[in-house]
Amino acid sequence: MSGHQHQLTDEEAAAMFEPPSWDERYSGAEKIWSGDPNPQLVAEAAKLAPGTALDVGCGEGGDVIWLARHGWTVTGADFSANGLARAARHAEQAGVAGRVDWWQVDARAFTAGDRSYDLVTSHFLHAPDGGMVDVTRRLTEAVAPGGHLLVVGHAPSDMFAHLTAAHRKAMFLAADLLPALPDTFEVLVAEQRPRTTVRDGVTYDIDDSTLLARRRA
């Protein structure tokens with residue numbers, strides 16, 4: 001959100017967490033994201049034997065494509081139909097469409113049902129009002145015995161001082177998510193991982209809140 005935009009009202013800020021806002025954002029011709037996989041996904045998934053994976057909040061599909069290229073059978077999930085359509089096109093262009101399927105679902109209402117995966121991952125999905133604790137609890141239900149859960153998000157940072165209070169409140173520390181884990185999970189990583197990024201020509205040091213846990217077999 002640039003400084004040239006008007007100050008959002010509470011209602012406008014809340015709307016930005018809903019599917020219509022993201023469908024509009026994904027309706028243009030240009031890519032929103034780089035298409036590169038998120039660094040913490042690469043760092044952790046590269047250590048695992050490929051199996052089945054679920055990426056919740058997959059956006060334009062960068063992480064889905066990376067996983068598929070590295071031998072995983074992947075379901076990309078997002079609440080934006082336009083986002084999923086973009087991700088499907090990108091997967092086709094990358095030559096991995098045969099290893100991928102898609103699921104339109106809101107992470108805040110996600111239920112695993114009879115689905116289970118060797119890796120359940122979510123990167124930079126930020127539910128409002130501290131809602132990532134509940135989202136994480138829902139995601140644990142989709143992890144197969146012996147499988148892994150990887151949740152990564154933005155930690156509060158000066159880089160995000162320009163955002164609304166609602167957006168800053170949606171950020172979290174890795175430790176904030178620990179109450180969501182059932183006793184059947186072993187915590188492998190719960191930390192802030194420093195990373196350097198550039199926005200509007202300015203370099204910022206930020207932290208990726210990184211939670212990795214394994215469901216006991």
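UniProt numbering applies: residue 1 is where the sequence shown begins, and numbers increase by one.
Glycine residues also receive a C-beta, built at the ideal position from the N, C-alpha and C atoms.
Check, Outcome
"If I follow the unbroken alpha helix (DSSP H) through T111, where does it start and stop?", "Per DSSP, T111 belongs to no alpha helix (DSSP H) and is neither H nor E."
"Can you give the Cα-Cα distance for H167 and V189, rounded to whole angstroms?", "25 Å"
"What first and last residue would you give for the beta strand (DSSP E) that runs through L139?", "No beta strand (DSSP E) contains L139, which is instead part of the alpha helix (DSSP H) from M132 to T140."
"Where do the N-terminal and C-terminal ends of the alpha helix (DSSP H) with S21 fall, by residue?", "P19 to R25"
"Rounded to the nearest angstrom, what separates A91 and G83 at their Cα positions?", "12 Å"
"May I have the straight-line CA-CA distance separating S2 from H162, to the nearest angstrom?", "With a pLDDT of only 33 at S2, under the threshold of 50, the placement of this residue in the model should not be trusted; the figure read from the coordinates follows. Roughly 8 Å between the two C-alpha positions."
"Work out the CA separation of E186 and R199 for me, nearest whole Å.", "36 Å"
"Within its chain, find whatever has a CB closer than 6 Å to the CB of E141; leave out the 5 residues flanking it on each side and keep chain order.", "A112"
"Going by the DSSP bridge assignment, what does R214 pair with across the sheet?", "H148 and E186"
"How about V133 and L177: are their beta carbons less than 8 Å apart?", "yes"
"For P50 and G71, I'd like the C-alpha separation in whole angstroms.", "6 Å"
"Which same chain residues, not among the five before or five after H154, have their C-beta less than 6 Å away from its C-beta?", "M171"
"From what residue to what residue does the alpha helix (DSSP H) around A87 run?", "A81 to A94"
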